[in-house]
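Numbering (our numbering), first residue to last: 748 to 934.
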C-alpha cells in the first residue's frame, strides 16, 4: 500500500526553529507531526547552531521525510540579528541536504498565498487555515505553536508547488505539442 510522500517544512530561527511533517497522498494532505527545535540562549553561537542541527537531524531520523521545504527569511532592521538568523537558516538548509533530501525554499508571502489566498495574511489566518487543511492537527498548547504552524504552512505550500512541473507538462501547447517540465517541447 502506498503511504504517500512525507514532507518536512522548516521555519528557521536561532532561538526556535519550527518543524512540521505532512504526508501527501494524491491531492490529499495528512498531518504527521509538528514541534520546535530550541537552542539555549546562554550558549555560544556555535553551540546553539549545533543544537539546531542536531534537533533537525533527530526530526529527520524519526519521521523519515522524502523532501524538505524551508521558509526564506526577511532582512531585519538590526544587522547583527539578521546575520545570526542567516547563520541559523544556513544550518536549517544544511541539515536536510546532508540527510540526502531535496530542499526547496519559499518566500513568506508565497507561503501565505498558498495557504490563505493572500500574501499578506495574518499569523492567526494562517493558523486557522493550517488546521482546516490538515484535519486532526491540534498543536500542543503548552508550546508556543506559532513556529510549528508556520513550518506546517511551508510544508503545505511545498505540497502544492512540488507537483507544478508535472501539471504544466500535462497541458498541450497551442500547436498540439506538450511542454515538458524542463521547458523543451515534444510531439
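Even for Gly, the Cβ is constructed at its ideal location relative to N, Cα and C.
DSSP three-state label for residue i, please.
i, result
"residue 852", "strand"
"residue 932", "Residue placement at residue 932 is poorly supported in this model, since its pLDDT is 48, which falls under 50; the coordinates still yield a value, given next. In the structure shown, residue 932 sits in a strand (DSSP, three-state: E or B)."
"residue 819", "coil"
"residue 829", "helix"
"residue 765", "strand"
"residue 751", "coil"
Look at the alpha carbon of residue i and the alpha carbon of residue j, and state the distance between them as a whole number of angstroms.
i, j, result
"residue 772", "residue 854", "25 Å"
"residue 842", "residue 827", "23 Å"
"residue 897", "residue 864", "15 Å"
"residue 830", "residue 871", "28 Å"
Excluding sequence positions up to five away, which residues of its chain have a Cβ less than 8 Å from the Cβ of residue i?
i, result
"residue 798", "784, 785, 786, 787 and 790"
"residue 907", "861"
"residue 776", "769, 770, 880, 881, 903 and 906"
Ordered along the chain, which non-local residues of its own chain (more than five positions away) have a Cβ less than 6 Å from that of residue i?
i, result
"residue 836", "759 and 820"
"residue 856", "866"
"residue 815", "755, 843, 848 and 850"
Using C-beta distances below 7 Å, list every residue in its chain close to residue i, excluding the 5 sequence neighbours before and after it, in chain order.
i, result
"residue 809", "none"
"residue 875", "none"
For residue i, list the residues DSSP reports as bridge partners.
i, result
"residue 775", "772"
"residue 756", "767 and 816"
"residue 784", "764"
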